[in-house]
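Trainee: With this note's numbering applied, the first sequence closes on residue 551, and no number is skipped along the way.
Starting off with a structure, shown below.
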Amino acid sequence: MAHKVRVRFAPSPTGALHIGGVRTALYNYLFARQHGGDMLLRIEDTDSTRFVPGAEQYILESLHWLGIGIDEGLRWENGQVVEIGNHGPYRQSERREIYHQYVDQLIQSGHAYYAFDTPAQLEAKRQEIPNFQYDARTRMQMDNSLTCGLDEAQRRIANGEKYVVRFLVEPNEDVTVHDLIRGDVTINSNILDDKVLYKSADDLPTYHLANIVDDHLMEVSHVIRGEEWLPSAPLHVLLYRAFGWADTMPEFAHLPLLLKPDGNGKLSKRDGDRLGFPVFPLEFHHPIDGTVSSGYRESGYFPEAVINFLALLGWHNTGDQEMFSMDELIQQFSLDRVSKSGAKFDYEKGKWFNHQYLQLKSNEELAQLFLPILENKIREIEPSNSRVLDPSLVAQVIGLTKDRVNFVPELWEQVNFFFVAPAEYDEKSLAKRWKEDSPKHMRELLDLLESIPESDWTTPAGLSADEAPLNQTVMDFIAKNEYGVGVVMNAFRICLVGAARGPHIWAITDILGKAETLRRVRVALDKLG
RNA sequence: GGUGCUAUCGUCUAGCGGCCUAGGACAACGGCCUCUCACGCCGUAAACCCCGGUUCGAUUCCGGGUAGCACUACCA
Numbered sequence: 023m024a025h026k027v028r029v030r031f032a033p034s035p036t037g038a039l040h041i042g043g044v045r046t047a048l049y050n051y052l053f054a055r056q057h058g059g060d061m062l063l064r065i066e067d068t069d070s071t072r073f074v075p076g077a078e079q080y081i082l083e084s085l086h087w088l089g090i091g092i093d094e095g096l097r098w099e100n101g102q103v104v105e106i107g108n109h110g111p112y113r114q115s116e117r118r119e120i121y122h123q124y125v126d127q128l129i130q131s132g133h134a135y136y137a138f139d140t141p142a143q144l145e146a147k148r149q150e151i152p153n154f155q156y157d158a159r160t161r162m163q164m165d166n167s168l169t170c171g172l173d174e175a176q177r178r179i180a181n182g183e184k185y186v187v188r189f190l191v192e193p194n195e196d197v198t199v200h201d202l203i204r205g206d207v208t209i210n211s212n213i214l215d216d217k218v219l220y221k222s223a224d225d226l227p228t229y230h231l232a233n234i235v236d237d238h239l240m241e242v243s244h245v246i247r248g249e250e251w252l253p254s255a256p257l258h259v260l261l262y263r264a265f266g267w268a269d270t271m272p273e274f275a276h277l278p279l280l281l282k283p284d285g286n287g288k289l290s291k292r293d294g295d296r297l298g299f300p301v302f303p304l305e306f307h308h309p310i311d312g313t314v315s316s317g318y319r320e321s322g323y324f325p326e327a328v329i330n331f332l333a334l335l336g337w338h339n340t341g342d343q344e345m346f347s348m349d350e351l352i353q354q355f356s357l358d359r360v361s362k363s364g365a366k367f368d369y370e371k372g373k374w375f376n377h378q379y380l381q382l383k384s385n386e387e388l389a390q391l392f393l394p395i396l397e398n399k400i401r402e403i404e405p406s407n408s409r410v411l412d413p414s415l416v417a418q419v420i421g422l423t424k425d426r427v428n429f430v431p432e433l434w435e436q437v438n439f440f441f442v443a444p445a446e447y448d449e450k451s452l453a454k455r456w457k458e459d460s461p462k463h464m465r466e467l468l469d470l471l472e473s474i475p476e477s478d479w480t481t482p483a484g485l486s487a488d489e490a491p492l493n494q495t496v497m498d499f500i501a502k503n504e505y506g507v508g509v510v511m512n513a514f515r516i517c518l519v520g521a522a523r524g525p526h527i528w529a530i531t532d533i534l535g536k537a538e539t540l541r542r543v544r545v546a547l548d549k550l551g
């Protein structure tokens with residue numbers, strides 16, 4: 023490759039960053055890193071009517087959380103947006119002067135013209151003529167500088183008349199776009215319309231013009247974007263030619279779309295609401311309509327799980343590897359292994375990835391993440407509780423239970439009984455495990471446990487739960503009385519946990535300690551008879 | 001309607017003419033483990049869209065059909 027690899031992610035600040043956009047950003051990032059190139063971030067805010075305050079910050083913070091680094095343009099640093107690089111400014115709304123110059127160039131060279139048709143007139147035309155298109159066949163019947171003359175057009179503009187600038191597409195020309203994922207895509211220019219390049223109403227170009235000018239000026243080498251852009255890629259090629267930039271035109275790669283999990287069509291925010299999963303990386307509070315959308319971060323996802331999951335939605339290496347770190351992705355990613363067809367969004371697999379990454383974390387690290395959640399939960403149940411939790415104890419109970427959860431917040435359901443005594447007993451568990459003889463068994467067990475000295479209660483370090491001293495004692499007791507192991511143990515478990523679930527029983531008694539264990543058995547006896 | 005893109009288990013995908021009795025993962029189902037719930041392990045079920053052509057031989061190449069998707073704005 024002759025020139026340095028420079029790719030860009032260019033979102034519009036019209037709301038939260040969609041998960042499909044995240045994947046586009048990720049693929050750009052992986053490609054840049056792999057080739058030792060630059061990853062740029064540019065804000066495409068040329069539609070002033072759709073601008074949403076805070077969206078830019080949201081997008082940048084999301085990428086930062088996910089570990090998608092930005093080398094140039096706008097990025098998130100220490101909780102705020104900073105701009106770096108010498109190809110700026112990197113917000114299109116701040117590049118008006120630049121676009122003026124290039125719009126003029128196109129007018130001068132005859133590749134574009136002024137048009138005065140109002141939106142209402144165009145709408146009327148569309149009503150009147152089925153499949154109306156502003157192009158070589160119709161432009162001479164419209165109100166533009168081609169029909170009224172350039173001098174007259176300039177006079178009208180000087181008079182303050184609103185106008186747009188349209189690209190003059192030459193008819194009947196086959197235009198070929200080379201796509202790195204799909205190969206050559208050819209269309210005939212007859213199906214292209216004279217696209218609006220600039221609108222005087224807000225003194226801003228449209229996407230098409232701004233995109234080409236900026237990619238050229240910012241020396242972008244590869245345009246990696248969603249498949250929805252494929253139909254307009256030939257127009258972009260024509261634009262590069264019109265500017266005389268054909269020889270430095272970037273390479274194109276159009277990514278397959280992320281589809282709804284059920285049915286057909288593009289994945290949308292609505293699907294997430296409907297099916298109950300986030301479509302945004304971070305929770306988003308919409309400043310205009312006030313809605314709150316859930317985010318992957320707040321749902322308990324690890325960024326590396328989201329990255330791994332997304333990377334595999336549309337890309338796969340040969341072989342059976344499923345778990346990829348960012349570094350491995352950078353090393354192995356390649357555009358020609360990106361699939362051509364859209365990928366249905368499989369949320370269940372996302373959960374599985376998070377489960378895998380959660381198992382990889384140390385108990386101590388998980389304890390740090392879980393501690394605030396745990397404290398809140400305890401306060402909800404016991405508002406006056408101000409007891410300080412021991413992080414190493416929390417880590418210990420996490421070690422006992424983490425293999426059964428996908429997310430950190432789910433830990434609460436697994437460990438709650440370690441911190442708060444059961445207030446009620448699960449009915450299903452009672453029906454199945456609390457037998458007629460259980461009160462009698464529990465009374466006898468209580469006597470037995472009471473006789474055990476405090477010093478012999480806890481399992482010595484290095485021994486498994488099966489080797490716990492309590493285990494031997496209780497098993498002897500069960501055998502001597504010819505009780506069923508399951509009958510006694512399950513009833514005991516219900517006393518301590520409140521349900522027939524949880525880790526090994528002796529791991530529980532170890533942590534609860536003698537006094538609390540006995541207390542819970544007495545309370546259960548009291549409540550359940 | 002027009003144009004383009006796409007097409008392997010329910011889902012993500014491996015496969016780039018014979019290694020295919022089509023492989024892996026998620027989900028589903030069954031079993032094992034077990035004081036419980038999980039995890040884990042083992043196993044079962046599950047796919048080459050259709051029709052032609054090329055070839056000794058097509059999941060793989062070509063053509064057509066069908067279906068899905070995208071685009072078709074003074075939105076990106």
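Ideal Cβ positions, reconstructed from N, Cα and C, are used throughout, including at glycine.
Everything numeric in this text was worked out from a predicted model, so none of it was measured.
A3 by DSSP, collapsed to three states: which one?
Mentor: Not covered by the structure: residue 3. The range shown for the chain is 23 to 551.
Trainee: Pick helix, strand or coil for G372, following the three-state DSSP scheme.
Mentor: DSSP places G372 in helix when its eight states are reduced to three.
Trainee: How is the beta strand (DSSP E) around F189 delimited, first residue to last?
Mentor: That run of the beta strand (DSSP E) goes V186 to F189.
Trainee: Tell me the rounded alpha-carbon separation between M23 and A54.
Mentor: Only weak support is given to the placement of M23: the predicted model assigns it a pLDDT of 44, under 50, and the question is left unresolved by the model.
Trainee: Under three-state DSSP, which class holds D39?
Mentor: One point to set straight first is that residue 39 is Leu, not Asp, in the sequence displayed. Of the three classes helix, strand and coil, the one that applies to L39 here is coil, per DSSP.
Trainee: Among the residues of its own chain, which have a CB less than 8 Å from the CB of L467, if the five just before and after it don't count?
Mentor: V496, F499, V510, F514 and V543, listed in sequence order.
Trainee: Compute the Euclidean distance between the alpha carbons of S84 and P75, then round it to the nearest angstrom.
Mentor: Looking at the two C-alpha atoms, the distance is approximately 15 Å.
Trainee: What number of angstroms, rounded off, separates the C-alpha of D201 from the C-alpha of D237?
Mentor: The alpha-carbon atoms of D201 and D237 are separated by roughly 17 Å.
Trainee: What whole-angstrom Cβ distance do Y51 and G91 have, given they're in contact under 8 Å?
Mentor: Right, their Cβ atoms sit about 7 Å apart.
Trainee: At what residues does the beta strand (DSSP E) containing G294 begin and finish?
Mentor: That residue, G294, is in no beta strand (DSSP E); its alpha helix (DSSP H) goes K291 to L297.
Trainee: Excluding five sequence neighbours on each side, which residues of the same chain lie with their C-beta closer than 6 Å to the C-beta of Q102?
Mentor: No residues qualify anywhere along the chain.
Trainee: Quick check on the DSSP output: the beta strand (DSSP E) that includes W98 runs from which residue to which?
Mentor: Segment E94 to E99, the beta strand (DSSP E) holding W98.
Trainee: Under the rule that 16 or more other beta-carbon atoms within 10 Å means buried, what is Q163, buried or exposed?
Mentor: Counting Cβ neighbours within 10 Å, Q163 comes out exposed, since fewer than 16 surround it.
Trainee: Would you mind stating whether K399 and W434 have Cβ atoms separated by less than 9 Å?
Mentor: It is a contact, given that the beta carbons lie within the stated cut-off.
Trainee: Please list the terminal residues of the continuous beta strand (DSSP E) segment that includes A134.
Mentor: Residues A134 to A137.
Trainee: Kindly indicate the opening and closing residues of the alpha helix (DSSP H) around Y80.
Mentor: Note, Y80: alpha helix (DSSP H), A77 to L88.
Trainee: Any heavy atom of the ligand FAD inside 8 Å of the beta-carbon of G266?
Mentor: The ligand FAD is not among the ligands present in this structure, which contains no ligands whatsoever.
Trainee: Buried or exposed: where does P309 fall if 16 or more other Cβ atoms within 10 Å of its Cβ makes it buried?
Mentor: Exposed is the call here.
Trainee: What's the C-alpha gap between Y185 and N166?
Mentor: Approximately 9 Å, taken between the alpha carbons.
Trainee: Are the CB atoms of Y262 and F324 within a distance shorter than 9 Å?
Mentor: Going by C-beta atoms, F324 is not nearer than 9 Å to Y262.
Trainee: Quick one, are the C-beta atoms of R45 and G95 less than 9 Å apart?
Mentor: Going by C-beta atoms, R45 is not nearer than 9 Å to G95.
Trainee: Return the chain-ordered list of same chain residues with a C-beta closer than 8 Å to the C-beta of L281, the five sequence neighbours on each side being excluded.
Mentor: Closer than 8 Å at Cβ, skipping near neighbours: G287, K288, L289, G364, A365, K366 and F367.
Trainee: Can you name the start and end residues of the alpha helix (DSSP H) that V218 belongs to?
Mentor: It is not in any alpha helix (DSSP H) - V218 instead sits in the beta strand (DSSP E) that spans V218 to K221.
Trainee: Three Cβ pairs or more, each shorter than 8 Å: is that satisfied between the segment 63-83 and the segment 267-281?
Mentor: Result no; under three Cβ-Cβ pairs closer than 8 Å.
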